[in-house]
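Comments concern the structure below.
Chains as they are written, first to last, in our numbering: chain A, 9 to 655; chain B, 9 to 655.
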């Protein structure tokens with residue numbers, strides 16, 4: 009893989025062939041002024057090729073003469089298969105030692121890959137629905153036992169199956185199905201959660217259909233619902249689809265949904281629209297995978313407590329009222345059809361249990377999917393969104409809490425905040441002398457706004473560069489026109505009007521920063537409170553699992569700088585993506601997990617932070633960058649002391 | 009109680025004050041010519057009061073002079089509170105020894121009274137649904153467990169209840185119900201059939217409602233459906249109602265019903281009409297008892313296999329086709345509402361298991377209700393109707409079979425046969441010299457026809473009097489105008505045209521007798537075959553339970569004379585009435601019975617008589633009065649030899 013060396017910084021990174029040069033610079037921790045996000049319009053990111061060559065980078069903003077000398081626009085250049093040495097024009101007054109100062113490298117989390125092979129090797133790859141081919145003896149005058157008895161007795165005698173129950177809906181079909189292929193049938197058995205309990209015979213099909221056994225895993229998110237169609241024989245995901253939860257028009261968050269459900273007819277309506285979304289996804293993935301609906305034997309569902317209750321048509325009224333009581337933690341096994349899902353009537357619906365009103369089945373699914381319930385290592389699990397849920401513990405104990413982080417991480421409450429979509433500023437660097445920015449946007453187009461991970465990076469970089477102080481206030485004395493006061497609020501101009509897609513200056517305000525600090529403070533202090541309640545400290549955390557929509561893009565080092573995450577080795581951090589969906593998927597692949605989940609749920613001690621006396625103290629202490637107590641972030645403290653000896 | 013002495017027979021009976029004199033004579037085994045059934049029109053039943061007096065009995069058919077002498081019509085006279093001596097005019101030629109000859113006394117079966125007190129004393133009076141009043145702690149910040157957990161944990165800690173399941177439909181109501189009376193609630197628990205299995209919490213009501221716990225027992229008969237509303241606290245039947253099964257218009261017997269169900273849409277239709285009848289009965293008895301529908305917690309259902317499958321909407325197609333395979337013997341616990349019953353959605357439906365296509369839940373219910381499954385004594389259980397079911401066994405083993413008796417016992421296939429209703433000849437005696445009859449009808453009105461029990465008595469009396477021989481043929485040489493040939497068929501005139509309600513002679517034909525013999529032969533040979541299969545004989549039978557509509561009226565001695573029942577001490581015979589309804593009722597009063605019923609059902613070995621080689625031999629041997637082998641009826645043999653020394 010080609011190497012790129014940046015001068016005068018003398019920093020080298022190895023990148024993939026075809027990498028954008030501006031991204032390579034960001035990767036190397038090298039600043040190049042660039043405020044159009046990589047679109048090529050600002051013309052600021054001029055660089056000079058000293059050795060080797062780049063592809064592209066020509067622009068009418070560079071004269072023919074300069075082009076001949078080797079000048080290019082970094083944002084328009086890509087690295088070829090050969091090494092290259094690049095010189096970046098810097099202010100003459102700059103001290104090269106500043107350029108060479110080690111900034112926190114860009115580090116995103118390792119992405120978790122569920123290891124189904126190891127499940128298989130451990131004998132744990134046992135789906136909760138199993139198909140068995142049977143050649144039953146045909147009835148005769150000497151043996152005219154009832155059809156259901158014939159089936160059950162054969163399974164008992166020849167397959168060591170016990171405590172079998174045949175549901176009425178199957179008994180209704182049984183006489184004809186058995187005779188369709190002369191008593192050669194495939195029986196589908198739904199395993200009990202607890203060994204020794206009843207096994208339900210849920211389906212009988214003529215002939216041998218044991219090569220077709222599918223299930224659906226579904227995450228019922230407040231905003232988005234994701235479904236996966238899973239082959240229970242190979243363990244593979246055959247199709248996947250996400251769609252907006254149809255309830256969105258009734259409110260963006262769980263509280264407004266609950267209020268909508270409390271209106272006359274509201275609960276029925278909310279159930280109906282979420283079910284419609286789910287059915288749309290089911291139909292799409294079944295079609296996409298090309299399987300027969302009749303061969304889908306189970307659906308595993310995970311959602312937060314409110315989403316679960318709304319889907320199950322259980323009044324969520326008391327979830328939003330102190331002392332925040334959900335209707336139930338555990339739901340008995342259900343039939344998908346009785347919930348309005350458009351599956352065949354044999355399909356089992358497995359609903360993830362809840363811990364509390366605000367630590368729901370999505371989090372339990374995450375705990376199960378991540379495997380943290382099986383490890384000795386003290387683990388911090390965080391699912392970050394508008395509501396952030398935190399679980400701390402290991403196989404022996406778990407404590408959990410939910411806190412309202414607010415929508416900052418999803419772009420809400422931030423003046424130019426947006427979701428992680430094309431045009432969102434996702435990475436940021438600042439010139440240590442001129443305070444000019446270097447912006448990268450998703451899609452390398454002119455910026456439209458800033459997403460959650462971009463916001464974290466921007467605030468972290470500015471804080472470490474001394475542009476904002478530990479209270480999130482801009483240094484009013486830096487002498488850059490980018491920092492200005494407007495209507496009494498101080499702000500930094502990330503991109504000028506003519507460099508954006510939206511024909512306005514894109515700015516980061518002190519109010520935005522305050523919102524971010526509140527969000528990260530809520531989460532960090534939640535962790536602190538939980539740890540304190542169990543007599544531990546942040547230093548005891550051995551590994552971190554990050555879940556949630558924006559987690560895969562977060563620069564971990566930056567998240568530690570702002571104090572969202574405790575300062576730790578980034579190698580200890582794993583991103584598990586949509587943990588709820590992962591857990592839902594695992595539940596249909598290994599029945600062992602379903603056996604464990606009830607115990608795990610019982611083991612998870614819930615703390616209502618609002619009722620925990622020390623939470624407010626921890627919260628106030630966390631409303632700084634990174635924290636009132638800098639000693640909790642020793643590496644950052646060292647860097648800050650070395651770079652800002654006067655501060 | 010007054011005594012009535014009949015002369016010249018010199019027979020005395022003790023009767024109740026107000027007893028009809030004709031019935032008193034029948035009771036005493038004294039014959040008085042009387043062919044109008046007790047209506048007073050034939051004027052034949054003249055008697056003379058010799059001592060004491062009678063009430064009534066005056067008629068324009070007796071001259072004033074004779075009335076003054078003490079002549080009365082027996083059928084119009086009733087016994088007062090004093091003893092009376094009556095002389096019956098008899099043919100001068102009659103030998104008094106004939107009159108004094110001991111005929112078989114009239115003996116109906118002892119009627120079974122279920123002994124709920126003894127259940128209670130044995131601690132077995134534990135209904136499958138129980139109500140418990142709970143004062144739950146109210147939720148607080150320190151204790152905000154889910155509503156369902158609060159309920160379940162309280163039941164576990166304070167009431168030693170384990171393995172509790174709360175159904176989704178209840179979870180939906182729980183949050184509001186708990187808060188209606190500040191967490192003071194009554195929980196209704198549905199007990200598992202097998203101890204150690206799950207207990208379902210099916211209902212929670214605000215406040216203390218433990219004084220209201222009701223259930224319904226229902227017998228789904230082919231012809232008639234009976235329901236009882238039962239107080240599960242006292243064990244009492246608060247209301248009862250029977251109604252014709254709405255399916256009757258689709259056929260009178262199970263075979264035609266099955267054929268109707270096989271037509272397109274037929275099964276749905278038959279389910280619908282039977283459910284409509286059941287709902288009519290439910291509504292009536294709930295109203296009659298004045299209970300709230302919400303307080304009816306269970307319904308127990310017993311019916312034959314076809315009725316059960318039609319009600320449960322399970323295709324009965326293979327029931328009528330060799331090798332006669334039902335869909336299922338056992339049905340899992342169901343909710344009444346999912347079966348279309350108009351009860352509240354918490355109400356449990358308990359369906360009696362089946363043994364085979366023709367030994368259904370009604371018979372299993374009878375076995376359970378009679379208690380024969382708990383006794384050491386070898387018991388013969390017979391439920392006699394169009395289809396007769398026979399069970400032989402005790403607590404250690406049971407064999408059962410069904411046979412098609414035909415409708416003779418219900419009046420079908422008998423020229424003047426009718427159900428046991430007003431105007432049906434129910435008792436009969438014959439003058440040993442003149443062969444004139446003495447008829448008693450239900451309601452003491454002029455006869456319309458003859459019912460099943462009347463038919464048995466009539467044939468038995470005629471056989472013992474030598475009017476018909478052991479092949480059921482009339483003695484053509486008796487010289488009575490009542491025995492005649494009409495269109496090639498011999499018959500006996502029970503009542504002349506002008507003595508009847510129907511303006512026709514009412515006769516008993518040899519074809520009628522043949523049909524009766526076939527019916528009783530089918531049942532007796534069924535018993536013989538069953539006994540032979542288990543290596544026993546009729547002599548081993550220690551007690552008999554009779555069930556079915558007509559059983560309470562059957563004169564047991566007469567049933568033994570025709571060979572319907574084995575010859576035994578009538579004290580050993582108990583009539584249990586509607587055994588299916590009795591069993592259904594017992595099932596909601598004692599959960600122990602529900603625990604036993606599965607084992608009992610498994611223990612009941614079914615014999616398909618049509619597939620049992622010896623059945624036809626036994627049947628042919630039973631097509632005589634009482635049987636080819638008179639030695640099986642030793643007491644009758646003795647009587648016959650003494651009364652008919654020449655035969």
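Just so you know, even glycine gets a beta-carbon here, dropped at the ideal spot from N, CA and C.
- Message: Using a Cβ-based criterion (distance less than 7 Å to any ligand heavy atom), does residue 481 (chain B) qualify as near the ligand GDP?
- Response: Absence of the ligand GDP is noted for the structure shown, with no ligands found whatsoever.
- Distance, residue 59 (chain A) Cα to residue 11 (chain A) Cα: Cα to Cα, the separation comes out at about 11 Å.
- Between residue 172 (chain A) and residue 275 (chain B), what straight-line distance do the alpha-carbon atoms span, to the nearest angstrom? Spanning the two alpha carbons is a distance of roughly 27 Å.
- Determine contact between the segment 468–487 of chain B and the segment 611–624 of chain B, defined as no fewer than three beta-carbon pairs at a distance below 8 Å. Cβ pair count under 8 Å is below three, so no.
- Task: Check whether the segment 374–385 of chain B touches the segment 398–407 of chain B, taking contact to mean three or more Cβ pairs, one atom from each stretch, closer than 8 Å.
- Result: Yes, they touch.
- Query: For the alpha helix (DSSP H) that contains residue 35 (chain B), what are its first and last residues?
  - Reply: Residue 35 (chain B) -> alpha helix (DSSP H) spans 29–36.
- Scan the segment 493–573 of chain A and note each continuous alpha helix (DSSP H) run of 4 residues or more that stays entirely inside, going in chain order. Those alpha helix (DSSP H) runs which fall completely within the segment 493–573 of chain A and span 4+ residues are 518–541, 564–569.
- Query: Taking all protein chains shown into account, do 16 or more other C-beta atoms lie within 10 angstroms of the C-beta of residue 563 (chain A), making it buried, or fewer, making it exposed?
  - Reply: Buried is the call here.
- Segment limits, beta strand (DSSP E) that includes residue 193 (chain A): DSSP places residue 193 (chain A) in the uninterrupted beta strand (DSSP E) bounded by 192–198.
- Message: Would residue 200 (chain A) pass as an interface residue toward chain B - the criterion being a Cβ-Cβ separation below 8 Å?
- Response: No, residue 200 (chain A) lies away from the interface with chain B (no Cβ there is under 8 Å from its Cβ).
- May I have the straight-line CA-CA distance separating residue 547 (chain A) from residue 541 (chain A), to the nearest angstrom? Computed Cα separation, rounded: 15 Å.
- Item | Proximity below 8 Å, CB of residue 333 (chain A) to CB of residue 154 (chain B) | If you check the CB distance, residue 333 (chain A) and residue 154 (chain B) come in under 8 Å.
- Alpha carbon to alpha carbon, how far is residue 415 (chain B) from residue 261 (chain B)? Taking the straight line from one Cα to the other gives about 10 Å.
- Candidates A:358, A:635, A:594: closest to residue 570 (chain A) by CA position: Ranking A:358, A:635, A:594 by Cα distance to residue 570 (chain A) puts A:635 first.
- For residue 426 (chain A), three-class secondary structure by DSSP: In the three-state scheme derived from DSSP, where H, G and I count as helix and E and B as strand, residue 426 (chain A) is classed as coil.
- Message: Considering only their Cβ atoms, is the gap separating residue 142 (chain B) from residue 195 (chain B) smaller than 8 Å?
- Response: In this structure, residue 142 (chain B) lies closer than 8 Å to residue 195 (chain B) by Cβ.
- If we ignore side chains and look at the alpha-carbon of each, how far apart do residue 322 (chain B) and residue 204 (chain B) end up? Taking the straight line joining both Cα atoms gives about 30 Å.
- Item | Coarse secondary structure for residue 337 (chain B), derived from DSSP in three states | If DSSP states are grouped into helix, strand and coil, residue 337 (chain B) belongs with coil.
- Task: Specify the secondary structure class of residue 162 (chain B) as computed by DSSP and reduced to three states.
- Result: Under the three-state reduction of DSSP, residue 162 (chain B) is assigned to helix.
- Task: Can you pull the chain A residues whose beta carbon is under 8 Å from the beta carbon of residue 619 (chain B), in chain order?
- Result: The contacting residues are 149, 150.
- Check the Cβ-Cβ distances between residue 320 (chain B) and every residue of chain A, and say whether any is below 8 Å. It does: the Cβ of residue 320 (chain B) has a partner Cβ on chain A nearer than 8 Å.
- Considering only the beta carbon of each residue, do residue 139 (chain A) and residue 22 (chain A) sit closer than 8 Å? Taking 8 Å as the cut-off, the Cβ atoms of residue 139 (chain A) and residue 22 (chain A) do not count as close.
- residue 639 (chain B) versus residue 646 (chain B) - alpha carbon distance: Cα-Cα distance, rounded: 10 Å.
- Message: Do residue 392 (chain B) and residue 351 (chain B) count as a contact pair if the criterion is CB distance below 8 Å?
- Response: With a cutoff of 8 Å on beta-carbon distance, residue 351 (chain B) and residue 392 (chain B) are scored as not near each other.
- Per DSSP, which residues does residue 308 (chain B) bridge with? Please list them. In the DSSP assignment, residue 308 (chain B) is bridged to B:225, B:358.
- Message: Less than 8 Å between C-beta atoms, sequence neighbours within five positions excluded: which residues of the same chain meet that for residue 519 (chain A)?
- Response: Within the same chain, and ignoring the five residues on either side of residue 519 (chain A) in sequence, the residues whose Cβ sits closer than 8 Å to its Cβ are 423, 497.
- Could you work out which residues of chain A lie near residue 183 (chain B), taking near to mean beta carbons separated by less than 7 Å? Within chain A, the residues near residue 183 (chain B) are 323, 325, 326, 335.
- Task: Residues of the segment 551–580 of chain B with a CB closer than 9 Å to any CB of chain A: list them in chain order, please.
- Result: Those would be none; no residue qualifies.
- Query: Any Cβ of chain A within less than 8 Å of the Cβ of residue 484 (chain B)?
  - Reply: Chain A, which has no Cβ nearer than 8 Å to the Cβ of residue 484 (chain B), makes this no.
- Touch test, the segment 311–326 of chain A against the segment 173–183 of chain B, Cβ-Cβ under 8 Å, three pairs minimum: The segment 173–183 of chain B and the segment 311–326 of chain A touch, with three or more beta-carbon pairs separated by less than 8 Å.
- Message: By DSSP's criteria, residue 208 (chain A) is part of a beta bridge. Which residues make up the other side?
- Response: According to DSSP, residue 208 (chain A) bridges with A:173, A:198.
- Secondary structure at residue 54 (chain A), three-state DSSP: helix, strand or coil? Reduced to three states, the DSSP call for residue 54 (chain A) is strand.
- Message: So residue 454 (chain B) and residue 509 (chain B) are supposed to be a Cβ contact under 8 Å. How far apart are they, rounded?
- Response: Rounded, the Cβ-Cβ distance is 5 Å, consistent with contact.
- Within the chosen definition, does the segment 353–372 of chain B reach the segment 298–316 of chain B through at least 3 CB pairs nearer than 8 Å? Three or more pairs of CB atoms, one per stretch, sit closer than 8 Å, so the segment 353–372 of chain B contacts the segment 298–316 of chain B.
- Message: Just to confirm, is the Cβ distance from residue 656 (chain A) to residue 413 (chain A) under 8 Å?
- Response: Here chain A covers residues 9 to 655 and nothing more, so residue 656 (chain A) does not appear.
- Name the one or two DSSP bridge partners that residue 255 (chain B) has. None, per the DSSP bridge assignment.
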